[in-house]
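In the numbering used here, the protein residues as written are 259 to 366.
Note that beta-carbon positions come from the ideal geometry of N, C-alpha and C, so glycine has one too.
Working notes for the structure below.
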């Protein structure tokens, strides 16, 4: 008996189980190829989600930067703080998503 990950919920289960006790996925009627394909689709879907988040973070960062560049708000004003907050939030969000994507690609 070996411990494997369920392709539906990614929780550890026995390879002898025909039904996942966590997500109730029917594993008994699936071939090994189907299980691998389902796990691959789930991994790609997760990577795509983080790529989309990276684009949103980049848009937030660039929006704050371009607002500061073109509008040139007064130092210390609410607009300046909002633009700096957007830049900082976008930058951190982007970097975190990129680290997660690298981790997901190495986990493969």
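Neighbour-count burial assignment, residue i, 16 or more Cβ in a 10 Å radius
i	result
residue 314	exposed
residue 344	buried
residue 271	buried
residue 346	exposed
Own chain partners of residue i with C-beta closer than 6 Å, once the 5 adjacent residues on each side are dropped
i	result
residue 294	none
residue 310	none
residue 269	280
Alpha-carbon spacing of residue i relative to residue j, whole angstroms
i	j	result
residue 329	residue 353	26 Å
residue 288	residue 260	17 Å
residue 331	residue 338	5 Å
residue 305	residue 325	30 Å
Proximity of residue i and residue j at Cβ, strictly below 8 Å
i	j	result
residue 278	residue 266	yes
residue 355	residue 323	no
Start-to-end residues for the alpha helix (DSSP H) that takes in residue i
i	result
residue 312	290–329
residue 282	Unbroken run through residue 282: none, as it is neither H nor E.
Host beta strand (DSSP E) of residue i (start-end)
i	result
residue 262	261–263
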